[in-house]
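Novice:
Protein chains: 2
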Amino acid sequence: MKARVHVMPKPGVLDPQGKAVAQALASLGFKGVGEVRQGKVIDLELTETDPALARDAVDQMCRKLLANTVVESYGIELDT
Amino acid sequence: MKARVHVMPKPGVLDPQGKAVAQALASLGFKGVGEVRQGKVIDLELTETDPALARDAVDQMCRKLLANTVVESYGIELDT
Chain A
0 MKARVHVMPK
10 PGVLDPQGKA
20 VAQALASLGF
30 KGVGEVRQGK
40 VIDLELTETD
50 PALARDAVDQ
60 MCRKLLANTV
70 VESYGIELDT
Chain B
0 MKARVHVMPK
10 PGVLDPQGKA
20 VAQALASLGF
30 KGVGEVRQGK
40 VIDLELTETD
50 PALARDAVDQ
60 MCRKLLANTV
70 VESYGIELDT
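Order-wise, the sequence lines are chains A and B. For the first sequence, position 49 matches number 48 in numbering that gives the first Met the number 0, and the numbering has no gaps at all. For the second sequence, position 6 matches number 5 in numbering that gives the first Met the number 0, and the numbering has no gaps at all.
(1) Give me, in chain order, the residues of the same chain whose beta-carbon lies closer than 7 Å to that of B:L77; leave out the 5 immediate sequence neighbours on both sides.
(2) Quick check: the Cα distance between A:Q22 and A:T48, rounded to an integer number of angstroms?
(3) List the residues of chain B that A:I75 touches, going by C-beta distances under 8 Å, in chain order.
(4) Can you tell me whether B:A19 is buried or exposed, with buried defined as 16 or more other CB within 10 angstroms of its CB?
(5) If you count every other CB in all the chains shown that lies within 10 Å of the CB of B:R62, and 16 or more means buried, which is it?
(6) Please state whether the Cβ-Cβ distance between B:V40 and A:M60 is less than 9 Å.
(7) Once the 5 residues before and after A:G17 are set aside, which same chain residues still bring their CB inside 7 Å of it?
(8) Using a Cβ-Cβ distance under 9 Å, would A:E71 count as near chain B?
(9) Going along chain A, which residues have a C-beta under 8 Å from B:K39?
(10) Identify, in the order they occur along the chain, each residue of the same chain with its Cβ nearer than 6 Å to the Cβ of A:G31, setting aside the five sequence neighbours on each side.
(11) Could you spell out the range, first to last residue, of the beta strand (DSSP E) harbouring B:M7?
(12) Using the Cα positions of A:H5 and B:T68, report the straight-line distance between them to the nearest angstrom.
(13) Measure from the alpha carbon of A:T46 to the alpha carbon of each residue in B:T46, B:G33, B:E71 and B:V70, then state which is nearest.
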């Protein structure tokens, strides 16, 4: 089973990478771009076949390693 | 309109971040984790309302700034 995790800065948390992207896009001449937020995406290959157990395991991975839950939120998608 | 861009290392391209995550997960005791790939996700707020034009614009942004198409592939999702 494959899992995809998105880790994004929480709303209100400063996102210097997103700001840098927004400024670079503006300086390249792209108009009409508002807020930009940049995060991480992590694709995992799992041997677990039960979706509920897989989601639990990935949730634990997010809390222990992948996301800093003080300033980042995460989302999990399973590709069964 | 909102757009989400995923930028991932192409298959076959070394991904040291993904490898580091896989090793860290293993050392934390998570079993059954195979290949891990890490990429970027960029959320953009666009004033463009036409989906086709928005996709074209974001595609240009990917080619010019967001992705290094030699070693990275990208995908665009529009939230209309």
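No residue lacks a Cβ here, since even glycine has one placed at the ideal position from N, Cα and C. Fair warning: this is a prediction, and the values are worked out from it, not measured in the lab.
Specialist: Looking at the coordinates:
(1) M0, A2, P50, A53 and R54
(2) 43 Å
(3) Within chain B, no residue comes near A:I75; the closest Cβ sits about 13 Å away, beyond 8 Å.
(4) exposed
(5) exposed
(6) no
(7) V35, R36 and Q37
(8) no
(9) Q37, G38, K39 and V40
(10) none
(11) K1 to P8
(12) 21 Å
(13) B:G33
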